[in-house]
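Enquirer:
Residue numbers (our numbering): 23 to 388.
Quick look at the structure:
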């Protein structure tokens with residue numbers, strides 16, 4: 023039986039096309055995926071991301087535990103609310119999941135993990151947390167909205183009491199904070215998955231319908247998974263299960279920037295990563311811009327000349343660029359020009375740096 027977020031009835035009332043996503047009935051779009059995409063790039067859109075799993079970690083050794091668990095280093099987090107993006111690896115440096123961790127104080131951290139991997143993640147985290155005496159607290163009582171776009175913060179903050187409004191608008195990038203709204207049970211963070219400014223708002227599930235309705239009245243457009251995917255693709259953000267998984271390392275997934283080796287610490291997967299670096303990373307994740315007419319999708323063969331072959335991992339039409347774009351995992355020595363097999367035809371594509379789009383503007387040289 024499919025799982026439903028607290029906003030399921032609202033999605034149906036708004037005419038959403040609902041699809042299965044990791045066991046959840048979630049909106050793909052509410053009529054026009056492209057219009058929803060443009061709403062986020064040009065104004066403000068909102069996404070129901072209540073299927074994501076919020077997990078609180080508590081205990082005097084919580085920071086020490088996370089320094090062991092994650093490939094990025096939570097010792098960098100010293101200001102309450104500051105966030106960090108990291109991969110959680112297995113012993114062979116495969117990516118179990120990618121997640122965001124928020125520092126609350128030295129004994130309290132908050133994680134947000136992917137819906138499709140939540141049960142696996144909790145089992146892995148619990149297995150390793152016991153030795154550190156850390157309590158693992160899944161927050162199934164919380165819902166989550168992402169409000170994204172150049173006007174998203176202003177529209178969302180306008181619904182808050184004046185003191186909370188000023189605090190929310192003053193938050194730095196990749197920082198979150200608890201607010202006094204709803205008796206201090208709202209957590210607002212300047213994080214997201216679209217490449218645009220905005221908030222991710224965690225709040226008690228019983229209050230999320232009211233907030234959704236208020237945002238709708240304030241002119242924030244409901245958006246589905248379809249727009250979320252094209253937005254994150256343009257922004258150069260990986261999707262777990264497509265662009266990385268337990269068979270790939272961060273070094274092969276364009277995520278080397280999330281790895282912290284110094285000062286030395288024994289995080290899970292470190293030795294495997296060092297061995298891969300020493301041997302030479304055989305593959306890399308790149309952006310592709312299709313130069314012929316066609317549509318790039320996942321799992322298409324990429325021909326990289328004498329370097330060998332690779333495959334697309336994510337692909338779509340880019341509403342902002344009005345071109346077809348993709349991520350591809352290809353041999354390390356792949357040249358700038360490649361060909362992609364689309365329905366039996368080899369079409370020309372160019373390897374480009376990621377992201378494709380930032381703040382609504384193309385970063386692709388003409």
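All residues carry an ideal CB built from backbone N, CA and C; glycine is no exception.
Can you check which of these residues, 85, 177, 170, is closest to residue 129 by C-alpha distance?
Expert: Residue 85 is the option with its Cα nearest to residue 129.
Enquirer: Mind listing, in chain order, the continuous beta strand (DSSP E) runs of no fewer than 3 residues lying wholly within the segment 243-323?
Expert: Within the segment 243-323, the complete beta strand (DSSP E) runs of at least 3 residues are 305-312.
Enquirer: Which residues mark the beginning and the end of the beta strand (DSSP E) in which residue 78 is found?
Expert: Residue 78 -> beta strand (DSSP E) spans 75-80.
Enquirer: Candidates 239, 305, 205, 271: which alpha carbon is nearest residue 292's?
Expert: Checking every option, the nearest Cα to that of residue 292 belongs to 271.
Enquirer: What residue does the alpha helix (DSSP H) around residue 237 start on, and which one ends it?
Expert: 230-239 is the span of the alpha helix (DSSP H), which, as asked, contains residue 237.
Enquirer: Return the residue from the list 134, 120, 235, 349 that minimises the CA-CA distance to residue 177.
Expert: Selected option, being the one with the closest Cα: 235.
Enquirer: Using a threshold of 7 Å, state whether the C-beta atoms of residue 59 and residue 249 are closer than that.
Expert: Against a cut-off of 7 Å, the Cβ pair of residue 249 and residue 59 comes out as a contact.
Enquirer: From residue 199 to residue 295, what distance separates their C-alpha atoms?
Expert: So the alpha carbons of these two residues sit roughly 34 Å apart.
Enquirer: Hey, out of 61, 260, 142, whose CA is closest to residue 169's CA?
Expert: Measuring from the Cα of residue 169, the nearest candidate turns out to be 61.
Enquirer: Should residue 257 and residue 377 be called a contact, given that it needs their Cβ atoms to be closer than 7 Å?
Expert: Going by C-beta atoms, residue 257 is nearer than 7 Å to residue 377.
Enquirer: Nearest by alpha-carbon distance to residue 65: which of 150, 337, 220 is it?
Expert: Per the Cα distances, 220.
Enquirer: Mind checking who residue 223 pairs with in its DSSP beta bridge?
Expert: 167, 210, per the DSSP bridge assignment.
Enquirer: If contacts are defined as beta-carbon pairs under 8 Å, then residue 68 and residue 137 qualify, I think. What distance do you get, rounded to the angstrom?
Expert: Wrong, their Cβ atoms sit about 17 Å apart, outside the cutoff.
Enquirer: Below 7 Å CB to CB, which residues in the same chain sit around residue 37 once its five sequence neighbours on both sides are set aside?
Expert: These residues qualify, in order along the chain: 52, 53.
Enquirer: Leaving out the 5 sequence neighbours to the left and right, which residues in its chain are closer than 7 Å to residue 264 when beta-carbon positions are compared?
Expert: Only 320, 335, 336 meet the Cβ criterion.
Enquirer: Any idea if residue 306 is buried or exposed, counting beta-carbon neighbours within 10 angstroms, 16 or more meaning buried?
Expert: Buried, by the Cβ-count rule.
Enquirer: Would you tell me roughly how many angstroms separate the C-alpha atoms of residue 115 and residue 309, rounded to the nearest one?
Expert: If I take the Cα positions, the gap works out to 23 Å.
Enquirer: If contacts are defined as beta-carbon pairs under 8 Å, then residue 49 and residue 247 qualify, I think. What distance do you get, rounded to the angstrom?
Expert: Correct: roughly 7 Å between the Cβ atoms.
Enquirer: Could you tell me whether the segment 88-100 touches the segment 363-375, using the rule of 3 or more Cβ pairs below 8 Å?
Expert: These segments do not touch.
Enquirer: List in chain order: all unbroken beta strand (DSSP E) runs of 3+ residues lying wholly within the segment 62-150.
Expert: Those beta strand (DSSP E) runs which fall completely within the segment 62-150 and span 3+ residues are 67-70, 75-80, 105-111, 117-127, 130-135.
Enquirer: Return the first residue and the last residue of the beta strand (DSSP E) that residue 339 is part of.
Expert: Residue 339 -> beta strand (DSSP E) spans 331-340.
Enquirer: Taking C-alpha atoms, which residue in 23, 43, 80, 181 lies nearest to residue 151?
Expert: Residue 151 has its Cα closest to that of 80, out of 23, 43, 80, 181.
Enquirer: What's the C-alpha gap between residue 148 and residue 329?
Expert: The alpha-carbon atoms of residue 148 and residue 329 are separated by roughly 42 Å.
Enquirer: Rounded to the nearest angstrom, what separates residue 243 and residue 124 at their Cα positions?
Expert: Answer to the nearest angstrom: the Cα atoms are 27 Å apart.
Enquirer: Name, in chain order, the residues that DSSP records as bridge partners for residue 52.
Expert: In DSSP, residue 52 forms no bridge with anything.
Enquirer: Helix, strand or coil: which one does DSSP assign to residue 38?
Expert: The answer is coil: DSSP assigns residue 38 none of H, G, I, E or B.
Enquirer: How should residue 126 be labelled, buried or exposed, when 16 other C-beta atoms within 10 angstroms of its C-beta is the threshold for buried?
Expert: It is buried - the Cβ of residue 126 has at least 16 other Cβ atoms within 10 Å.
Enquirer: Thinking residue 191 and residue 179 are a contact (beta carbons under 8 Å), I'd like their distance in whole angstroms, please.
Expert: Going by Cβ atoms, the distance from residue 191 to residue 179 rounds to 5 Å, so yes, they are a contact pair.
Enquirer: What does the alpha-carbon distance come out to for the pair residue 57 and residue 227?
Expert: Each residue's Cα considered, the two are about 28 Å apart.
Enquirer: Taking the straight line between their C-alpha atoms, what separation do you get for residue 201 and residue 268?
Expert: Residue 201 and residue 268: Cα-Cα distance of roughly 37 Å.
Enquirer: Just tell me which of 287, 367, 383 has its CA closest to the CA of residue 253.
Expert: It is 383.
Enquirer: Which residues in the same chain as residue 338 place their Cβ atom closer than 8 Å to its Cβ, once the five residues preceding and following it in sequence are excluded?
Expert: Counting only Cβ-Cβ distances below 8 Å, and skipping sequence neighbours, we find 251, 252, 255, 317, 318, 319, 346, 347, 348.
Enquirer: I'd like to confirm the pairing. Which residues does DSSP put opposite residue 43 in its beta bridges?
Expert: DSSP lists 46 as partners of residue 43.
Enquirer: Assuming residue 187 contacts residue 197 under a Cβ cut-off of 8 Å, what Cβ separation, rounded to an integer in Å, is found between them?
Expert: Between residue 197 and residue 187 the Cβ distance is about 16 Å, and since that is not below 8 Å, they are no contact.
Enquirer: Run the CB neighbour count on residue 195, radius 10 Å, all protein chains shown included, and call it buried at 16 or more, exposed below.
Expert: When all chains shown are included, residue 195 counts as exposed.
Enquirer: Taking the alpha helix (DSSP H) that residue 367 belongs to, which residues open and close that run?
Expert: Careful: residue 367 lies outside any alpha helix (DSSP H), inside the beta strand (DSSP E) at 367-374.
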